[in-house]
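Residue numbers (this note's numbering): 152 to 418. Written below as structure tokens is the structure these notes are about.
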């Protein structure tokens, strides 16, 4: 698979629900200097739990995504922040070129067990994608935005768009602002916030920011010209959407805007 630059990123940022803690090394009871400190991937303790507990809950979304990819005939697929690789495993068919990146080595270790040998898995930072522009037919961002700082969200989304070819799809799954019904209230207003709070302070604050700013609906509406909702689940607490990568849509809308302006009465 073509790559740009020098290859893998050796020191990925703390993204996708992963925090990296510096732990002072001790020498006869004394802390060593900062250069001697080591970085620990917290997912080394929770990757198995994530794989066994959360993955089954997301199976319906994974299946929806597979159906869309098959229906649109996409052949090259990138899963950004792929976690334990469950989505990639579900897509494996021998006819697709599959790649996944994550910044957690613990997650990737699980992904290597879950995925076949023909699926490419790499340790990388989602804010610095190292693939040629337009190389993939489809990119996936599954629960990869809500836990990030707004600046990182924009960068990840922008980079994901760049690596998808014209006519391709960027699939985004994340939390909705307005769940509906009792199930939506139970999950969206009670259970999900508790789970997000347990993930850590920074993660939770970013989640609150995501919800305050309108969730996935507002995020995509502000950044995309053509969005299809693939599915709503968990009482509308989570949306799975497909963003069409098509510059012609923007050009067409600009022409319409100019046409409207030219026929509007002067003020």
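Note that beta-carbon positions come from the ideal geometry of N, C-alpha and C, so glycine has one too. Treat the numbers as computed from the prediction; the structure is a model and nothing was measured.
Assuming residue i is part of the alpha helix (DSSP H), what are its boundary residues?
i	result
residue 308	301–313
residue 268	Counting along the chain, residue 268 falls outside any alpha helix (DSSP H), and DSSP gives it neither H nor E.
residue 343	343–349
residue 333	332–335
residue 202	Counting along the chain, residue 202 falls outside any alpha helix (DSSP H), and DSSP gives it neither H nor E.
residue 239	237–242
Look up residue i in the DSSP assignment and give the residues it is bridged to.
i	result
residue 96	Absent from the structure is residue 96, since the part of the chain shown begins at 152 and ends at 418.
residue 282	In the DSSP output, where bridge partners are listed per residue, residue 282 has none listed.
residue 291	230, 322
residue 393	322, 379
residue 327	366
residue 384	389
residue 253	274
Measuring only the C-alpha atoms, how far is residue i from residue j?
i	j	result
residue 381	residue 373	19 Å
residue 331	residue 385	9 Å
residue 398	residue 359	32 Å
residue 388	residue 237	21 Å
residue 297	residue 306	13 Å
residue 322	residue 310	13 Å
residue 282	residue 262	20 Å
residue 255	residue 276	9 Å
residue 318	residue 293	20 Å
residue 188	residue 361	Below a pLDDT of 50, predicted positions are generally treated as unreliable, and residue 188, at 35, falls in that range; no measurement from the model is reported.
residue 202	residue 341	23 Å
How close, in whole Å, do the beta carbons of residue i and residue j come, if the pair is a contact with beta carbons under 8 Å?
i	j	result
residue 266	residue 240	5 Å
residue 285	residue 250	Going by Cβ atoms, the distance from residue 285 to residue 250 rounds to 14 Å, so no, they are not a contact pair.
residue 100	residue 217	This structure cannot settle anything about residue 100, because the visible part of the chain is limited to 152 through 418.
residue 325	residue 367	4 Å
residue 320	residue 396	7 Å
residue 295	residue 232	4 Å
Mind checking which residues open and close the beta strand (DSSP E) that includes residue i?
i	result
residue 274	271–274
Among the options, which residue has its Cα nearest to the Cα of residue i?
i	options	result
residue 273	230, 361, 394, 376	230
residue 259	277, 235, 371	235
residue 288	225, 210, 310	225
residue 365	336, 327, 392, 343	327
residue 248	271, 232, 264, 233	271
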